[in-house]
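Contents: one structure, followed by commentary.
2 protein chains.
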Amino acid sequence: MHEEQHPMTSAAARRATITDVAREAGTGKTSISRYLNGETSVLSPELRERIEAAIAKLDYRPNQMARGLKRGRNRLVGMLLADLTNPYSVEVLQGVEAACHALGYMPLICHAANEIDMERRYLQLLTTYRVEGVIVNALGVKEELLQTFSLGGIPVVLVDRSVEGFVTDMVGLDNPEAVALATRHLVEEGFDDVVFIVQPFRRVSSRRVREAAFRDTIGALGTKGSTIVIDLAEAAPALAAIDAHLDAADANPQRVALFAANAPVALRVALHLKERYGANWQQRVALMSIDDSEWAELAGMTTVRQPTYDIGRRAVEFLHERLEGARMPARECLLPGELVVRSSTRRKQSPGT
Amino acid sequence: MHEEQHPMTSAAARRATITDVAREAGTGKTSISRYLNGETSVLSPELRERIEAAIAKLDYRPNQMARGLKRGRNRLVGMLLADLTNPYSVEVLQGVEAACHALGYMPLICHAANEIDMERRYLQLLTTYRVEGVIVNALGVKEELLQTFSLGGIPVVLVDRSVEGFVTDMVGLDNPEAVALATRHLVEEGFDDVVFIVQPFRRVSSRRVREAAFRDTIGALGTKGSTIVIDLAEAAPALAAIDAHLDAADANPQRVALFAANAPVALRVALHLKERYGANWQQRVALMSIDDSEWAELAGMTTVRQPTYDIGRRAVEFLHERLEGARMPARECLLPGELVVRSSTRRKQSPGT
DNA sequence: TTGTATGCGTTATCAC
DNA sequence: GTGATAACGCATACAA
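Here the protein sequences come in this chain order: A and B.
Sequential numbering from 1 applies to the first sequence in the UniProt record's numbering.
Sequential numbering from 1 applies to the second sequence in the UniProt record's numbering.
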């Protein structure tokens, strides 16, 4: 039977501290600290070896908390996400993580699960943990909340959406261009009536911007177009409106395409169409979407893929530059989307058949 | 000499500390600390008000780092996730977050993105940040790595999969029962040949367990069954094997069902089937899966839904109990899955048609 | 009821 | 080159 080293309480064998290492190496804490911080030049090779041995023997890991307390930077970066259920967020997160790793930051990920209260709560927590900066992709945070960060000298970078009355670095999709790209594609494929479907704008600027871009494009092209607002929590009215629109087009007859403003909307609409038209719904009605979700290929749905990974990466880079002291005015980085054409938007036979 | 009231750089208005608050309220730090920790009874109402005013005026937020340093607990809980791309992980995470919130912990989320090196690195980082406990859902961590936590008195709870040679609390799906449930359903629906499709086991115990359960069930039922191992990074051979199997059944003819061990496998297989049989693939071949992904409904695929949210919640509860000093032997919590029947596994016409 | 002093694990300042 | 020693922001034993 192993009595496991004879820990005094037998419970929690306290982790070694810098003092323990110093004692073990027969030296002072300063030298240990120096070793840890790579001030390797000023250490005699002999002492250095003793330190290394001691560290290894005690399995010593410097305490980031204490470190952060002392030097005022703990390498923590807050990442507030409105909805991890949306693959967009996960993909952005991947970029964020990669960049953080590369630059030596540790992302403190906060998932608000679409609850505005959670967003506020997490934002508070983040200041409490003294993150050095925050990347925010939120649903309903207001300007004031973010101001407390900026005013406190903590840089904020916005992702996907801006916050009214608050100017900071922001990175996201080039929505106008992406929407135009998609709409033009539909028109080129011969659709002469496009229905844009989007969630209630609320505080989410990207929704508003996309819808505006849709109107602009449709207007410029002289194509018929309209917008339906869908509340995912209460989708029935919007779905009925869609049905009505499709039925009217059937009678007309007109070639109509549905254009979902993001993946969650697209899924909801696709489910409805499948229910109404059966497994072959894609051949009856064209559905296109911003966000290239994993099931898009399965449904044969044309999409605009967002450069999610790059968005995440850029966000961290922006933050990093600020943390390094960059003092320039707020920047905006709009990355282009990529049209992924699939069968759903290929020319359909006219609905009369 | 106090120079520091004149923010020299004007840039980062240093956050208020407990000392600032004490000065502002005209009292000592102790009273502030008492106020913060709810020892509200021992404070004169008058002082209490001054403190409240001071805190509000300075927008003071206690520094969790310093706090944690002093009392030895920082309320941080590590959550290592193998793959956030898998909706399973996100759902578990939701449960974890909710429970953490309820119990006053802050989850430090680490996403290894299926890279074993990342898992190791993050585990190191977690000890560095002195998390009080860890919840682990990993791809390839070995026993030794986790031992350093346990030995250091940091409780570990495993999710979905166990780690060979390492005994701790673990919570996940009741795999044997779930697989039996699904398999029995298939047999009852008249399928007389079931193909189980699973990723290479590697260190992932749940894969092994599911496959074993499949063999057991199929054996007990006296039904024909086989297993195909698919490497998602190199799926061609497995997909060819599936094709061959389906072709053979066509000739026989036999009613064969495909049973994917999890969502990523199901998606890969579904994509392949769609490519091969067109949009109506569901009517040609039956596909069932563990994990009820968001597109399952869209594809009309029968699944076993995991109690993901509860899994996450239980994991945190287990951890919490350990953190409160519970000393019982390692526990195992296996939660039941729920069969979600959809059209894909309804009796199909025999393949000859 | 309130305040003083000490220490948590680290880094920074300054001696030697 | 090396090592005391004083903070960092907070909690607590102890004194008042």
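Cβ coordinates follow ideal geometry from the N, Cα and C atoms, glycine included.
Minimum Cβ-Cβ distance from residue i to chain A less than 8 Å
i	result
HIS6 of chain B	Residue confidence for HIS6 of chain B is low, a pLDDT of 32 falling below 50, so the modelled location carries little weight and cannot support an answer.
ALA299 of chain B	yes
GLU328 of chain B	Per the sequence presented here, residue 328 of chain B reads as Met, with Glu not at that position. No, because no Cβ of chain A sits closer than 8 Å to the Cβ of MET328 of chain B.
MET170 of chain B	no
ALA57 of chain B	Note that residue 57 of chain B is Lys in the sequence shown here, rather than Ala. Not one chain A Cβ lies under 8 Å of LYS57 of chain B.
ASN262 of chain B	no
ARG73 of chain B	no
PRO62 of chain B	yes
ILE228 of chain B	no
ALA236 of chain B	no
VAL134 of chain B	no
GLN94 of chain B	yes
LYS274 of chain B	yes
ALA279 of chain B	yes
GLN199 of chain B	no
GLU294 of chain B	yes
VAL90 of chain B	yes
Per DSSP, cross-strand counterpart(s) of residue i
i	result
ARG305 of chain A	A:GLU338
ALA260 of chain B	B:ILE197, B:SER289
PHE214 of chain B	In the DSSP output, where bridge partners are listed per residue, PHE214 of chain B has none listed.
ALA110 of chain B	For clarity, residue 110 of chain B is Cys in the given sequence; the question names Ala instead. Paired residue(s): B:LEU80.
ASN137 of chain B	B:LEU81
ASP310 of chain A	According to DSSP, which records beta bridges pairwise, ASP310 of chain A is partnered with nothing at all.
SER226 of chain B	B:VAL195
GLU132 of chain A	None, per the DSSP bridge assignment.
CYS333 of chain A	A:VAL171
Assigned exposure category for residue i - 16 Cβ within 10 Å defines buried
i	result
GLN5 of chain A	Because GLN5 of chain A sits at a pLDDT of 35, beneath the cut-off of 50, its placement in the model cannot be relied upon, and the following sentence gives the value as read from the coordinates. Per the 10 Å Cβ criterion, exposed.
ALA260 of chain A	buried
GLY72 of chain A	exposed
PRO200 of chain B	exposed
SER10 of chain A	Annotation note: pLDDT 38 at SER10 of chain A (below 50); position unreliable, no value reported.
GLN232 of chain A	According to the sequence as given, residue 232 of chain A is Leu; it is not Gln. Per the 10 Å Cβ criterion, exposed.
residue 420 of chain B	Within the shown structure, residues of chain B are numbered from 1 to 353, placing residue 420 of chain B beyond reach of any answer.
VAL341 of chain B	exposed
SER162 of chain B	buried
PRO329 of chain A	exposed
GLU97 of chain B	buried
ASN280 of chain B	exposed
SER41 of chain B	exposed
GLU132 of chain A	buried
ARG347 of chain B	exposed
ASP160 of chain B	buried
ASP247 of chain A	exposed
ASN37 of chain B	exposed
GLY219 of chain A	exposed
residue 377 of chain B	Residue 377 of chain B lies beyond the residue range present for chain B, which begins at 1 and ends at 353; the question has no answer from this structure.
PRO264 of chain B	buried
ASP292 of chain A	buried
GLU91 of chain B	buried
GLU234 of chain B	exposed
8 Å Cβ cutoff, residue i in contact with chain B
i	result
ARG322 of chain A	no
ASP117 of chain A	no
PRO307 of chain A	no
MET1 of chain A	Note that MET1 of chain A scores a pLDDT of 33, beneath 50, so its modelled location is shaky; the value from the coordinates is reported in the next line. It does not; no Cβ of chain B falls within 8 Å.
GLY137 of chain A	Looking at the sequence provided, one finds Asn at residue 137 of chain A rather than Gly. Answer no: the Cβ-Cβ gap between ASN137 of chain A and chain B never drops below 8 Å.
TYR129 of chain A	yes
GLN254 of chain A	no
LEU271 of chain A	yes
LEU125 of chain A	yes
ALA286 of chain A	no
GLU24 of chain A	no
GLU52 of chain A	no
THR302 of chain A	no
Would you say the stretch 217-225 of chain A touches the stretch 314-324 of chain A, given that touching needs at least three Cβ pairs under 8 Å?
no
If you pair each beta-carbon of the stretch 137-145 of chain B with each one of the stretch 110-122 of chain B, do three or more pairs fall below 8 Å?
yes
Between the stretch 234-253 of chain A and the stretch 268-275 of chain A, do three or more beta carbon pairs fall short of 8 Å?
yes
In chain order, what are the residue ranges of uninterrupted beta strand (DSSP E) at least 3 long that sit wholly in the stretch 157-182 of chain B?
169-173
Is it true that the stretch 78-86 of chain A meets the stretch 58-67 of chain B, where meeting means three or more beta-carbon pairs spaced less than 8 Å apart?
no
Pairing CB atoms from the stretch 151-160 of chain B with CB atoms from the stretch 170-187 of chain B, are three or more of them under 8 Å?
yes
Below 8 Å, can you find three or more Cβ-Cβ pairs linking the stretch 324-338 of chain A to the stretch 21-38 of chain B?
no
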